[in-house]
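These notes concern the structure reproduced below.
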Amino acid sequence: MRDVPVDPGTGLTNFRRYTWWSLIGVTTFFLIFSVRSRIMDTAVPVTVRLAAVAALAVTMAAIGVSVSRRLPRIPVESPGSDPAGPPPVRWLVAGGAGAMVLGAILLALRDYGLWSFGPAMMVSIIATFIPGRRRWLLIAATAAGAAVLGGVTAAVSGQGSVFAAAFPAGLVVFTGWVTLGMLWAWDVAERLNLARRLSAELAVKDERLRFAADLHDIQGHHLQVIALKSELAARLAGADPARAAAEMKEVRRLAADALRDTRAVVQGYRRVTLEEEIGNATRVLAAAGIDARVEFDPPAVPGILPDPGPRLLGLVMREATTNVLRHSRARHAEVGYRITGGLARLTFANDGAPEHPGTERQAAPGTGLRTLAERLEAAGGELTWKRDGDHFVVAASLPVETTGHESANARTAAAATEPEAR
Numbered sequence: 000m001r002d003v004p005v006d007p008g009t010g011l012t013n014f015r016r017y018t019w020w021s022l023i024g025v026t027t028f029f030l031i032f033s034v035r036s037r038i039m040d041t042a043v044p045v046t047v048r049l050a051a052v053a054a055l056a057v058t059m060a061a062i063g064v065s066v067s068r069r070l071p072r073i074p075v076e077s078p079g080s081d082p083a084g085p086p087p088v089r090w091l092v093a094g095g096a097g098a099m100v101l102g103a104i105l106l107a108l109r110d111y112g113l114w115s116f117g118p119a120m121m122v123s124i125i126a127t128f129i130p131g132r133r134r135w136l137l138i139a140a141t142a143a144g145a146a147v148l149g150g151v152t153a154a155v156s157g158q159g160s161v162f163a164a165a166f167p168a169g170l171v172v173f174t175g176w177v178t179l180g181m182l183w184a185w186d187v188a189e190r191l192n193l194a195r196r197l198s199a200e201l202a203v204k205d206e207r208l209r210f211a212a213d214l215h216d217i218q219g220h221h222l223q224v225i226a227l228k229s230e231l232a233a234r235l236a237g238a239d240p241a242r243a244a245a246e247m248k249e250v251r252r253l254a255a256d257a258l259r260d261t262r263a264v265v266q267g268y269r270r271v272t273l274e275e276e277i278g279n280a281t282r283v284l285a286a287a288g289i290d291a292r293v294e295f296d297p298p299a300v301p302g303i304l305p306d307p308g309p310r311l312l313g314l315v316m317r318e319a320t321t322n323v324l325r326h327s328r329a330r331h332a333e334v335g336y337r338i339t340g341g342l343a344r345l346t347f348a349n350d351g352a353p354e355h356p357g358t359e360r361q362a363a364p365g366t367g368l369r370t371l372a373e374r375l376e377a378a379g380g381e382l383t384w385k386r387d388g389d390h391f392v393v394a395a396s397l398p399v400e401t402t403g404h405e406s407a408n409a410r411t412a413a414a415a416t417e418p419e420a421r
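Here the sequence shown stands for residues 0 to 421, where the numbers follow numbering that gives the first Met the number 0.
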């Protein structure tokens, strides 16, 4: 049985392995248990015992193949796709025939208890490939058939028919409930994994839409004004050349402004607060299935961290988040921002440090932790990163404006005492 190629950190591979071995292990145990005494009984003819062994082997093989097909190795790609692979019809038919032979042998030997387990297991496996309520109709019909067959056989043999009818029917229902329940749990896990991946893709698309909206706002405004002034200059070219020339100079200035603003958007120099940068990062991490916790102590106050401090810390946050998404198997992340000792400190820790960490990416100039460390050092700060076991911690610090911090605290204290004065 191969593992499921899923995203790291989901646990879906281990869950599939658990489900597969649980079904196969329990089925194998009860099938062997149900027929063991008859196979080992020397009073039973050798041909009957050999037939029981052959039927047992075929049934177990069919169940193994069918369960492996039912638990897809490739994750669901879209909400409308079927999580199960195509049913192995030949194996299902062979397994059904083997289970019927095994049940018939046990029933003929007056084993009115466990004879129905083999047929019940194969019917349950077949039911997992049937959508909706029809699977339960199949289980109910099989239970009714087992009750009638066991009861009639016992009655004809002159033995009590209540147990012979009730126990096989109950065994069919119980086997179907357990089997369908385990595979239903797998389907739910698969759907949740799909939802997580779709959420991550939507987060990326949302960011692209945000970028497109920013670019549209900048280009639309500038181009509209450029078009109007160009049209005005064309009309004034003959009547007032001097004014037309002035308008064209204005057009040139607007074009330069549009180029500068466009470059700023492309390079990510959009004015956002550090809290927004951290919020964006935590949403992306959450979409990737990573539990991200944020702690601000105290909450960020505008003006305390001078430019380009907020942007540099925002870039550190982006880089650390990107490294987690690309290189780690993290399940938990912690982000902390606090002001202490005249420094604004940002920390980002996760529990998914790779076995062969590659903290520095081969990327364009201006990205990567080493380049960011140089930029923070030039701004009077520091950027460090270290690995401690399976934890990876990125820490950045920049000096703050002490007077701004104190005045902000004074304003906060004044706001707190003002109601009392009133």
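Glycine included, every Cβ here is placed at the ideal spot set by N, Cα and C.
Predicted model only: the values in this text are computed from it and were never measured.
- If you draw a straight line from the Cα of W135 to the Cα of T127, it comes to about 10 Å.
- Measuring C-alpha to C-alpha distances from R330 to each of G341, A348 and R317 identifies A348 as the nearest.
- Under the three-pair Cβ rule at 8 Å, the stretch 50 to 66 counts as touching the stretch 19 to 27.
- By the CB criterion at 9 Å, L312 and A395 fall inside the cutoff.
- Residue state for I217 is assigned as helix, using DSSP reduced to three classes.
- Taken atom to atom, the span from the alpha-carbon of I217 to that of R337 is near 34 Å.
- Pairing L304 with E400 gives a Cβ-Cβ distance under 9 Å.
- Annotated three-state conformation of Y17 is helix, per DSSP.
- Apart from sequence neighbours up to five positions away, the residues of its chain that approach P86 with a beta-carbon distance below 6 Å are F128, ordered along the chain.
- DSSP, read as helix, strand or coil, puts I338 in strand.
- With contacts defined as CB atoms closer than 9 Å, L22 and T141 fail to qualify as a contacting pair.
- In chain order, M121 place their CB closer than 6 Å to the CB of G95, counting only its own chain and leaving out the 5 sequence neighbours on each side.
- The beta-bridge partner set that DSSP reports for W384 consists of V393.
- Counting only runs of 4+ residues, the alpha helix (DSSP H) found wholly inside the stretch 37 to 108 occupies 45 to 69 and 88 to 107, in chain order.
- Around the beta carbon of I31, fewer than 16 other beta carbons sit within 10 angstroms, so the residue counts as exposed.
- Ranked by Cα distance from H390, the first of E381, D350 and W384 is D350.
- Rounded to whole angstroms, the separation of the alpha carbons of W185 and L70 is 8 Å.
- The C-alpha of R68 lies about 14 Å from the C-alpha of S123.
- The C-beta of S36 has fewer than 16 other C-beta atoms within 10 Å across all chains shown, which makes the residue exposed.
- Take the alpha-carbon of V250 and the one of L208: they are about 29 Å apart.
- Proximity to V393 across A332, G341 and G379 peaks at A332, based on C-alpha coordinates.
- By the CB criterion at 9 Å, A119 and A146 fall outside the cutoff.
- DSSP places W135 in the uninterrupted alpha helix (DSSP H) bounded by R133 to V155.
- With fewer than 16 other Cβ atoms from the protein chains shown falling within 10 Å of its own Cβ, W183 counts as exposed.
- When the beta-carbon positions are compared, V100 and A163 stay at least 9 Å from each other.
- Straight through space, the alpha carbons of L105 and M39 are spaced by roughly 13 Å.
- Close CB contacts of V224 within its chain, under the 6 Å cut and outside five residues either way in sequence, are with L253 (chain order).
- Its Cα nearest to that of K248, the residue A233 stands out among T261, A238 and A233.
- Judged by beta-carbon spacing, S115 lies beyond the 9 Å limit of A188, meaning their Cβ atoms are not closer than that value.
- In this structure, L375 and L342 do not form a Cβ contact; the two beta carbons are roughly 11 Å apart against a cut-off of 8 Å.
- Annotated three-state conformation of V161 is helix, per DSSP.
- In this structure, E276 sits away from R325, with a CB-CB distance that is not shorter than 9 Å.
- Excluding five sequence positions before and after V52, the CB atoms of its chain that fall closer than 7 Å to its own CB belong to I38, given in chain order.
- As the crow flies, the alpha-carbon of V293 is around 22 Å from that of G380.
- Residue state for D186 is assigned as helix, using DSSP reduced to three classes.
- For the options L108, T281, I125 and V161, the alpha carbon positioned closest to that of R89 is the one of I125.
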